[in-house]
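As structure tokens, the structure follows; a few thoughts come after it.
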Amino acid sequence: MEEKQNIRAAEPGKNPEVKPAPAAKAEEKRLLVLSSSPHFKTPANVSLIMWLVVATLLPAIGFSIYNFGWRCLAVMTTSMLMAMLAEELVNLIRRRKMTIGDGSAALTGLLLAMTLPPGLSLGMVGIGSAFAIIVGKQMFGGLGFNIFNPALLGRAFLQTSFPIAMTTWTIPRTIDAITTATPLGSYKFEKHLTPYLDLLIGKVGGSIGETSAIAILIGGLILIIMKISNWRIPLSYLGTVVIFSGILWLINPTQYPDPVFHLFSGGLMLGAFFMATDMVTSPTTSLGAWIFGIGAGGLLVLIRQFGGLPEGVMYSILLMNGFVPLINRYTRPKYFGEVKK
Amino acid sequence: MKLKTFKKGVHPAEFKQLSEHKRIEQLPLPGEVFIPLQQHIGAPCVPVVEKGMEVKVGQLIGKSGGFVSSTVHASISGKVKAIEKMSHPLGINSLMIDIIGDSQDEWAEPASAVTDWENLSAVQINAIVLNAGIVGLGGAAFPTQVKLNPPKDKKIDTFLLNGCECEPYLTADHRLMVERTDEVILGVRILMKALGVSRAIIGIESNKPDAIAAMTKATEKFWGIIIQPLQVKYPQGAEKMLIAAALKRKVPAGGLPMDVGVVVNNVGTALAVAEAVTKHKPLIERVVTVTGQGVRTPKNVLTRIGTPFQNLIDFCGGLTDNATKVMMGGPMMGVAQSSLAVPVVKATSGIVCLTADSSIEKQEYPCIKCGGCARVCPMNLMPTRLARLAQFEKWDEAEQYGIVNCIECGSCAFVCPAGIPLVQHIRIGKMRVAEKHRK
Chain A
84 MEEKQNIRAA EPGKNPEVKP APAAKAEEKR LLVLSSSPHF KTPANVSLIM
134 WLVVATLLPA IGFSIYNFGW RCLAVMTTSM LMAMLAEELV NLIRRRKMTI
184 GDGSAALTGL LLAMTLPPGL SLGMVGIGSA FAIIVGKQMF GGLGFNIFNP
234 ALLGRAFLQT SFPIAMTTWT IPRTIDAITT ATPLGSYKFE KHLTPYLDLL
284 IGKVGGSIGE TSAIAILIGG LILIIMKISN WRIPLSYLGT VVIFSGILWL
334 INPTQYPDPV FHLFSGGLML GAFFMATDMV TSPTTSLGAW IFGIGAGGLL
384 VLIRQFGGLP EGVMYSILLM NGFVPLINRY TRPKYFGEVK K
Chain B
45 MKLKTFKKGV HPAEFKQLSE HKRIEQLPLP GEVFIPLQQH IGAPCVPVVE
95 KGMEVKVGQL IGKSGGFVSS TVHASISGKV KAIEKMSHPL GINSLMIDII
145 GDSQDEWAEP ASAVTDWENL SAVQINAIVL NAGIVGLGGA AFPTQVKLNP
195 PKDKKIDTFL LNGCECEPYL TADHRLMVER TDEVILGVRI LMKALGVSRA
245 IIGIESNKPD AIAAMTKATE KFWGIIIQPL QVKYPQGAEK MLIAAALKRK
295 VPAGGLPMDV GVVVNNVGTA LAVAEAVTKH KPLIERVVTV TGQGVRTPKN
345 VLTRIGTPFQ NLIDFCGGLT DNATKVMMGG PMMGVAQSSL AVPVVKATSG
395 IVCLTADSSI EKQEYPCIKC GGCARVCPMN LMPTRLARLA QFEKWDEAEQ
445 YGIVNCIECG SCAFVCPAGI PLVQHIRIGK MRVAEKHRK
């Protein structure tokens, strides 16, 4: 073991042969950065997250163009541009830094467009998008402070303002806009069940980005794997819908559609993977995420089955958004070693 | 063997390869040292020398100032030039004893003859540890004799040696375990004796296979000392996390390891104890890792306490032209320095020099409630909430959310995509809550 010690540790009574240092150089004059620890950080940033979510919507965007034609692209572009413009306008008024590039407004605009009928006039699209940003986000204080999902708030505004235009659906894969009914609508009002395969792939009428369950799942799962979405929210949301609607279906299969139909029709997939999981407007605690998802799932089935509207994804999420501060408050996790007082 | 670990935490890049295989080198004797009277948690030392006095190496120059306190010793022989307030690497101004060296390196006579340590009682070992000025060398600098002297109602059953060195870059403990294995183990045996325990566990992260091998070989003949390899995860070396990983015990909030029957010490501390007991050598030197992309030749340096950082950096070839940041300790918990004139203190485990590329300064965004901080917090706190409550000065609510339990490991701010200085806010909050209680 001795030969291991190449260093001569100082020992009392013995003078180790340590040479005195040459006269210490004058202290280097150099400006050093002072900051609080930690000095290491991951490269992830808010803007990157926003643009990643936009990227994961690409499969759904692609399918929408295939399904409804190039007009979708016009709707999406209008919505995104209007959202960014509105954001910049508020920044100008509030004398804030430019935030146009952070991707947050662009994402809101895109998500709103995904929930709109493909034939909606571009003027309406722009109004809805501006409302989403100005009222839904900036009036609460901007990024991170809004209580409700801004895209859904924008859609709710359009739905109330232009109820007919917002429920005029285009038949997929046609050039002329001929109105049709969404699968949920045709079931609710005519008891007509759309084939499951069409629902899964998305060759049905509906909002721009909601029809293809598969396209949405691809993007949604990527977000979960990258830990950008909290998996508990879509799981509890979809799980509750399946269980709740399953119970109703078992009670009366002629009155209520089966859970698979519920799962893949309407905006549920888009809502579960891209709207309910919005970080700002969903709970930060794990238990809170479960409560949020279960609540939204329960509300959705109630609205779809017992409400006047065929679809309830938007309201189910917006309503639960309102509960988030309360949920966060009562689901504080126990900290390490916490003792009951 | 399945590697044990704690829940949550993060995986920062390690950068240990810069110095992990470099043998410890001795720094030439400094011409002048600055020895702070406050190098530990607790009451500062009381100076027992005066300006103009001659001192020898190992001579007591500051005596213990209370129960939770320690002692300090001259680390070179020479003359006391001044006793005044100077800048301390912790970012404070602290009373220091400035000694001009005579380059003789003449040692003071030990207080008593060295006896066989196995015949010493726990009380005697305690006294030696206090008189040698030994404090936790991992970074917190908690006086060691206080740890060795638990109240009667706390039954200690396990001694835990912290060989995790989970901070990126730092390799001082790693080198000690490889190069001075026997002395470290001797320290462990002495500490076991002082505590009256028959079991010791040595926790080492699995990224130091040579240390694990050397320590395993050295402990084969000692019954009761177990080497426990641990998963590489930050902050594995935090006392509470290490206890959770190695023993599955949870230190209650606000409590100490002794509340669950454990005493934890760092590798460097064990070595210091071995030297103090078997050689009567007080804590006058330690190994410091001088590393980072901002220094020309990273090294593990054995240096006298009180040596200015500048001496160590010169010894390692100087700062590179693009170095922007120098800190004491690792990049996760280290303290950034504004000057290289500050001295090495007992808690200086490393001097890490970073460049603009190696330390990301992020743009700050508003919190987007992504929950990333809560996902990694090893104390299971809600960092973003705590930071917010601290910013709005809601001290009562912050306390309810457990702000005082934050160990300031930096995992939250490390992952925060919004670049919020969470630890900074929480640290201020902790201070204010503590002040409120003192009133």
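These protein sequence lines are chains A and B, in that order. Under this note's numbering, read the first sequence as residues 84 to 424, first letter to last. Under this note's numbering, read the second sequence as residues 45 to 483, first letter to last. Backbone N, C-alpha and C fix where the C-beta goes; we use that ideal spot for every residue, glycine too.
Backbone CA spacing between residue i and residue j [nearest angstrom]
i: LEU192 of chain B; j: PHE231 of chain A; result: 55 Å
i: VAL439 of chain B; j: ILE254 of chain A; result: According to the sequence provided, residue 439 of chain B is Trp. The question's Val does not apply to it. Roughly 59 Å between the two C-alpha positions.
i: GLY152 of chain A; j: GLU171 of chain A; result: 30 Å
i: THR428 of chain B; j: ALA418 of chain B; result: 8 Å
i: LYS108 of chain A; j: LYS52 of chain B; result: With a pLDDT of only 49 at LYS108 of chain A, under 50, the local geometry of the prediction cannot be trusted, and no value is derived from it.
i: PHE228 of chain A; j: PHE436 of chain B; result: 15 Å
i: GLU329 of chain B; j: LYS413 of chain B; result: 46 Å
i: PHE78 of chain B; j: HIS324 of chain B; result: 23 Å
i: ILE464 of chain B; j: MET309 of chain A; result: 21 Å
i: ASN449 of chain B; j: ASN404 of chain A; result: 30 Å
i: LEU384 of chain B; j: TRP151 of chain B; result: 28 Å
i: ARG482 of chain B; j: HIS469 of chain B; result: 20 Å
i: MET197 of chain A; j: GLY292 of chain A; result: 4 Å
i: ASP149 of chain B; j: GLU227 of chain B; result: 23 Å
i: LEU304 of chain A; j: SER319 of chain A; result: 15 Å
i: ALA391 of chain A; j: GLY302 of chain A; result: Reading the sequence as shown, one finds Gly at residue 391 of chain A and not Ala. So the alpha carbons of these two residues sit roughly 31 Å apart.
i: VAL325 of chain A; j: TYR398 of chain A; result: 18 Å
CA nearest to the CA of residue i, picked from the options
i: GLY288 of chain A; options: A:GLY303, A:ILE316, A:ARG256 and A:ILE311; result: A:ARG256
i: VAL112 of chain B; options: B:ALA185, B:GLU443, B:GLY299 and B:VAL370; result: B:ALA185
i: GLN221 of chain A; options: A:ILE183, A:MET249 and A:ILE410; result: A:ILE183
i: ASN175 of chain B; options: B:THR115, B:PRO212 and B:ASP201; result: B:THR115
i: MET377 of chain B; options: A:SER120, A:ARG113, A:ILE377 and A:LEU383; result: A:SER120
i: ASP197 of chain B; options: B:GLY305, B:GLY106, B:VAL101 and B:SER121; result: B:GLY305
i: LEU220 of chain B; options: B:GLU76, B:ILE68, B:GLN272 and B:ASN170; result: B:ILE68
i: MET362 of chain A; options: A:HIS275, A:PRO317 and A:VAL324; result: A:PRO317
i: ILE400 of chain A; options: A:LEU382, A:THR160, A:ASN411 and A:LEU280; result: A:LEU382
i: GLY415 of chain B; options: A:LEU135, A:TRP314 and A:PHE240; result: A:TRP314
i: MET370 of chain A; options: A:LEU205, A:LEU409, A:VAL343 and A:HIS345; result: Reading off the sequence, residue 370 of chain A comes out as Leu, not Met. With distances taken between Cα atoms, LEU370 of chain A lies closest to A:LEU409.
Residue-chain proximity (residue i, chain A), Cβ-Cβ < 8 Å
i: ILE412 of chain B; result: yes
i: LEU363 of chain B; result: yes
i: THR399 of chain B; result: no
i: PHE458 of chain B; result: yes
i: LEU230 of chain B; result: no
i: LYS294 of chain B; result: yes
i: GLN337 of chain B; result: no
i: GLY378 of chain B; result: yes
i: LEU425 of chain B; result: yes
i: GLY463 of chain B; result: yes
i: GLY446 of chain B; result: yes
Cutoff 8 Å: residue i Cβ touching any chain B Cβ
i: TYR320 of chain A; result: no
i: THR125 of chain A; result: yes
i: GLY380 of chain A; result: no
i: PRO416 of chain A; result: yes
i: ARG113 of chain A; result: yes
i: LYS108 of chain A; result: With a pLDDT of 49 at LYS108 of chain A, under the threshold of 50, the modelled position of this residue cannot be trusted; read the value that follows with caution. Chain B contact via Cβ: present.
i: TYR413 of chain A; result: no
i: PHE419 of chain A; result: yes
i: LEU121 of chain A; result: Looking at the sequence shown, residue 121 of chain A is not Leu but Pro. Chain B contact via Cβ: present.
i: GLY227 of chain A; result: yes
i: ILE307 of chain A; result: no
i: THR367 of chain A; result: yes
Contact test: residue i Cβ vs the ligand FAD heavy atom, cutoff 7 Å
i: GLU170 of chain A; result: Inclusion of the ligand FAD in the displayed structure is not the case, the ligand content being empty and no account of it being possible.
Residues bridged to residue i [DSSP beta-bridge criterion]
i: THR263 of chain A; result: A:TRP252
i: GLN70 of chain B; result: B:LEU346
i: LYS149 of chain B; result: It is Asp, not Lys, that sits at residue 149 of chain B in the sequence shown. None, per the DSSP bridge assignment.
i: ARG330 of chain B; result: B:THR347
i: PHE78 of chain B; result: B:ASP142
i: SER131 of chain B; result: B:ASN137
i: ILE246 of chain B; result: B:LEU205 and B:ILE271
Enumerated in chain order, which unbroken segments of the beta strand (DSSP E) with a length of 3 residues or greater are wholly contained in the segment 387 to 444 of chain B? 394 to 399
With a floor of 4 residues, list each alpha helix (DSSP H) that falls wholly inside the segment 266 to 323 of chain B, ordered by position along the chain. 283 to 291 and 311 to 323
Residue ranges of each beta strand (DSSP E) run of no fewer than 3 residues wholly in the segment 195 to 225 of chain B, ordered along the chain? 202 to 207
Of all the alpha helix (DSSP H) runs that stay within the bounds of the segment 187 to 211 of chain A, which reach a length of 4 or more residues? 187 to 197
As an exercise, report each continuous alpha helix (DSSP H) stretch of at least 4 residues that is fully enclosed by the segment 320 to 401 of chain A, in chain order. 342 to 347 and 369 to 389
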